[in-house]
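I have placed the structure first, in the form of structure tokens, so that the comments after it can refer back to it.
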Amino acid sequence: MTATRTIVVAGAGIGGLTAALALAANGFRVIVLEKAERLAEAGAGVQLSPNASRVLVDLGLADQLAPLALAPDAVTVMSARSGEALVRLPLGAQAAERAGAPYWVIHRGDLQGTLVAHVRANPAIELRLGCVVESFADQAHGTTVVYRHRGERGEMQAQALIGADGIWSAVRRQLFPQLQPRFSGLIAWRGTVDVSALPPGFALGGVQLWMGPQAHLVVYPISGGRLINLVAIVPGDWQREGWSAPGEPRELRDRFAAAGWAAPARLLIDTVESWKTWALLAMPDGGAWTSGATALLGDSAHGMLPFAAQGAGMAIEDAAVLARCLGDAGNDMLAMPEALQRYANARRNRVARVQRLARQNGRIYHLTGPLALARDVAMRALGGERLLARQAWIYDWKP
Ligand SMILES: Cc1cc2nc3c(=O)[nH]c(=O)nc-3n(C[C@H](O)[C@H](O)[C@H](O)COP(=O)(O)OP(=O)(O)OC[C@H]3O[C@@H](n4cnc5c(N)ncnc54)[C@H](O)[C@@H]3O)c2cc1C
Numbered sequence: 001m002t003a004t005r006t007i008v009v010a011g012a013g014i015g016g017l018t019a020a021l022a023l024a025a026n027g028f029r030v031i032v033l034e035k036a037e038r039l040a041e042a043g044a045g046v047q048l049s050p051n052a053s054r055v056l057v058d059l060g061l062a063d064q065l066a067p068l069a070l071a072p073d074a075v076t077v078m079s080a081r082s083g084e085a086l087v088r089l090p091l092g093a094q095a096a097e098r099a100g101a102p103y104w105v106i107h108r109g110d111l112q113g114t115l116v117a118h119v120r121a122n123p124a125i126e127l128r129l130g131c132v133v134e135s136f137a138d139q140a141h142g143t144t145v146v147y148r149h150r151g152e153r154g155e156m157q158a159q160a161l162i163g164a165d166g167i168w169s170a171v172r173r174q175l176f177p178q179l180q181p182r183f184s185g186l187i188a189w190r191g192t193v194d195v196s197a198l199p200p201g202f203a204l205g206g207v208q209l210w211m212g213p214q215a216h217l218v219v220y221p222i223s224g225g226r227l228i229n230l231v232a233i234v235p236g237d238w239q240r241e242g243w244s245a246p247g248e249p250r251e252l253r254d255r256f257a258a259a260g261w262a263a264p265a266r267l268l269i270d271t272v273e274s275w276k277t278w279a280l281l282a283m284p285d286g287g288a289w290t291s292g293a294t295a296l297l298g299d300s301a302h303g304m305l306p307f308a309a310q311g312a313g314m315a316i317e318d319a320a321v322l323a324r325c326l327g328d329a330g331n332d333m334l335a336m337p338e339a340l341q342r343y344a345n346a347r348r349n350r351v352a353r354v355q356r357l358a359r360q361n362g363r364i365y366h367l368t369g370p371l372a373l374a375r376d377v378a379m380r381a382l383g384g385e386r387l388l389a390r391q392a393w394i395y396d397w398k399p
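See below:
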């Protein structure tokens, strides 16, 4: 017998937790199986543009998230060569009003903690830690999910399985073994600086995007402005399994000094005491997302380069659309595969466009020589308002 209106979600990342809340809001019982014994997000930030924050606000999380998040006034694009601001994209209250939702920057731990607190408080959701989803088998009505908990094998029946288990997804491996993430040749160095460690009067004024030859740096305040989050993107090799490892501070310092980066950017980099490096991997655009009673969501479906700051945003959007499509199917077991297909169809083109934009941004940010100079001139000429307007198709999205 299949459990009617029970959905199993593999993975309690930003995508899986948001999906659980959205599905519960649509009348489903949700079981989230997470392989980690303890949920702990790395000390780093995430930008949530209005398309993503709108979904979280609709789920009733605004009162908890707003005090933890900061709403930056602007994204300022900086020249690594001159240290000057090239252009300022105004965010702030006016932009939030226009988009109908805020642009937030937040510590990942604060976002995850808030999602987990809501999941735990929701009687329709069960979160089981230390449960590794191993496989699944489609049945006439729904699916059987096989998992392992502390060495013990278990099984459960569900109407559908959602693979929100990240870029190394086990669910995807079984569904579409031919779909594999590809290494981009770029490494993200992530670290934080305590503002008290910087000279008095040091001010960021929102999000800064520094563009330099074959590298860029994204900087923004998190944790109520007490910390500054840094992400430096540089070319590199990747030999390690997994995707996170400590980085040697001197290596990055020397690289940015040798490339002649301006003093304020180097000051920030020099002040970070501990770095984590992430190999940047991405899924091919437009791969399949669903088969039978199983579908992928978030990075497992479309892990992307982070240069549009939309990976988590797309996972959050996925969650809202998935819940709407499954909600429409209701108790009809036979309608579930079609509902999952409707979800995938509704998402695929938009997500592929964001994946392309992220790749294109990466190429633009890393230009060198005369092409970099031409880029800077073009950005200044366009101006912040027009550059921001080019993002409207992302930010103005509504579920
Ligand atoms: C440097 C960097 C900066 C970024 N900045 C931004 C940004 O500013 N804005 C933005 O929107 N996005 C950003 N992103 C992207 C964003 O972090 C990811 O797209 C997002 O976190 C993906 O969420 P997810 O839930 O799909 O996957 P994950 O967060 O990877 O979660 C997957 C979960 O599944 C669990 N799991 C794995 N296998 C199993 C299994 N077999 N069984 C059970 N559980 C399992 C894992 O333990 C994990 O908890 C950035 C990414 C990087 C690398």
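Following the UniProt record's numbering, the numbering of the sequence shown begins with 1 at its first residue and continues without gaps.
Idealized CB from N, CA, C, for every residue including glycine.
- The beta strand (DSSP E) with tryptophan 182 in it runs from where to where? The sequence shown places arginine at residue 182, not tryptophan. Taken as a continuous stretch (DSSP letters only), the beta strand (DSSP E) holding arginine 182 covers 182-194.
- Cβ-Cβ distance between alanine 323 and leucine 23 below 7 angstroms: yes
- Item | From Glu338, Val9, Ile364, Ala389, residue whose alpha carbon lies closest to that of methionine 156 | Val9
- Message: Going by DSSP in three states, leucine 91 sits in which element: helix, strand or coil?
- Response: coil
- Message: Check this for me: beta carbons of tyrosine 103 and leucine 89, under 7 angstroms apart or not?
- Response: no
- Item | Residue burial classification, threonine 368 (beta-carbon count within 10 angstroms, cutoff 16) | exposed
- Message: Tell me the DSSP secondary structure of alanine 164 in three-state form.
- Response: coil
- Hey, is proline 72 close to ligand 1, as in C-beta under 6 angstroms from one of its heavy atoms? no
- Inter-residue Cα distance where the pair is methionine 1 and valine 145: Here methionine 1 scores only 44 on pLDDT, less than 50, and its place in the model should not be relied on; the value that follows carries that caveat. Rounded to whole angstroms, methionine 1 to valine 145 spans 13 angstroms at the Cα level.
- Task: Would you identify the three-state DSSP class for glutamate 152, choosing helix, strand or coil?
- Result: strand
- Cut-off 8 angstroms between Cβ atoms - residues of its own chain near isoleucine 7, not counting five sequence neighbours on either side: Cβ-Cβ distances below 8 angstroms link isoleucine 7 to Leu23, Phe28, Arg29, Val30, Ile31, Ala158, Gln159, Ala160, Leu161, Ile162, Leu326 in the same chain, with the five nearest sequence neighbours on each side left out; the list follows chain order.
- Item | Simplified DSSP assignment, three categories, for threonine 18 | helix
- Message: Given the structure, does glutamine 208 come close to ligand 1, in the sense that its CB is under 6 angstroms from one of the ligand's heavy atoms?
- Response: Not so, every heavy atom of ligand 1 lies at least 6 angstroms from the Cβ.
- Message: Which residue marks the beginning of the alpha helix (DSSP H) containing alanine 62, and which one marks its end?
- Response: First-last of the alpha helix (DSSP H) with alanine 62: 62-65.
- Task: Pull up the distance between the alpha-carbon of arginine 190 and that of tryptophan 275, whole angstroms please.
- Result: Distance between the alpha carbons of arginine 190 and tryptophan 275 is about 6 angstroms.
- Item | Close beta carbons around glutamine 208, own chain, < 6 angstroms, minus the five adjacent residues each side | A distance below 6 angstroms between beta-carbons, with the five flanking residues on each side excluded, links glutamine 208 to the following residues of its chain, in chain order: Thr76, Met78, Val219.
- Message: Between Leu373, Ala40, Ser82, which has its C-alpha nearest glycine 260's C-alpha?
- Response: Ser82
- So what does DSSP say about histidine 366, is it helix, strand or coil? coil
- Message: Quick check on the burial criterion: 16 or more other C-beta atoms within 10 angstroms. Buried or exposed for proline 50?
- Response: buried
- Cβ-based burial, glutamate 317 [other Cβ within 10 Å; buried from 16]: buried
- Message: Contact between the segment 266-273 and the segment 180-194 is defined here as three or more beta-carbon pairs at a separation below 8 angstroms; is this criterion met?
- Response: Judged by Cβ distances under 8 angstroms, the segment 266-273 makes contact with the segment 180-194, as three or more pairs qualify.
- Message: Here's the rule I'm using: 16 or more other beta-carbon atoms within 10 Å means buried, otherwise exposed. How should tryptophan 393 be labelled?
- Response: exposed
- Message: In the DSSP output, what is leucine 127 paired with across the bridge?
- Response: BP columns for leucine 127 point to Val32.
- Message: I'd like to check one pair, valine 105 with glycine 45: are the Cβ atoms closer than 7 angstroms?
- Response: yes
- Message: Between which residues of its own chain and aspartate 110 is the CB-CB distance below 6 angstroms, once the five residues before and five after are set aside?
- Response: Leu68
- Message: What does the alpha-carbon distance come out to for the pair valine 87 and glutamate 338?
- Response: For valine 87 and glutamate 338, the distance between alpha carbons rounds to 46 angstroms.
- Query: From this set, Ser223, His216, Leu33, which residue's C-alpha is nearest residue 423's C-alpha?
  - Reply: Any question about residue 423 goes unanswered here, given that the chain covers just 1 to 399.
- Item | Endpoints, alpha helix (DSSP H) assigned at threonine 4 | Unbroken run through threonine 4: none, as it is neither H nor E.
- Query: Can you tell me whether DSSP reads histidine 107 as helix, strand or coil?
  - Reply: Assignment of histidine 107 by DSSP, reduced to helix, strand and coil, places it in the strand class.
- Query: Under a three-way DSSP split, which group does serine 169 fall into?
  - Reply: coil
- Message: Excluding the 5 residues flanking serine 223 on each side, which residues of the same chain have their C-beta closer than 6 angstroms to its C-beta?
- Response: Residues of the same chain with a CB within less than 6 angstroms of the CB of serine 223, apart from the 5 flanking positions on each side, are His107 in chain order.
- Message: Let's see if you can read the secondary structure: which residues bound the beta strand (DSSP E) around proline 221?
- Response: Taken as a continuous stretch (DSSP letters only), the beta strand (DSSP E) holding proline 221 covers 215-222.
- If you follow the alpha helix (DSSP H) that proline 264 is part of, which residue opens it and which one closes it? 263-271
- Query: Does the segment 295-312 come within contact of the segment 118-133, defined as at least 3 CB pairs closer than 8 angstroms?
  - Reply: Taking 8 angstroms as the limit for Cβ pairs, the verdict is that the segment 118-133 does not touch the segment 295-312.
- When you compare only the Cα positions, how much space is there between alanine 320 and proline 284? 23 angstroms
- Query: Roughly how many angstroms lie between the CA atoms of aspartate 396 and arginine 347, to the nearest whole one?
  - Reply: Roughly 15 angstroms separates the two Cα atoms.
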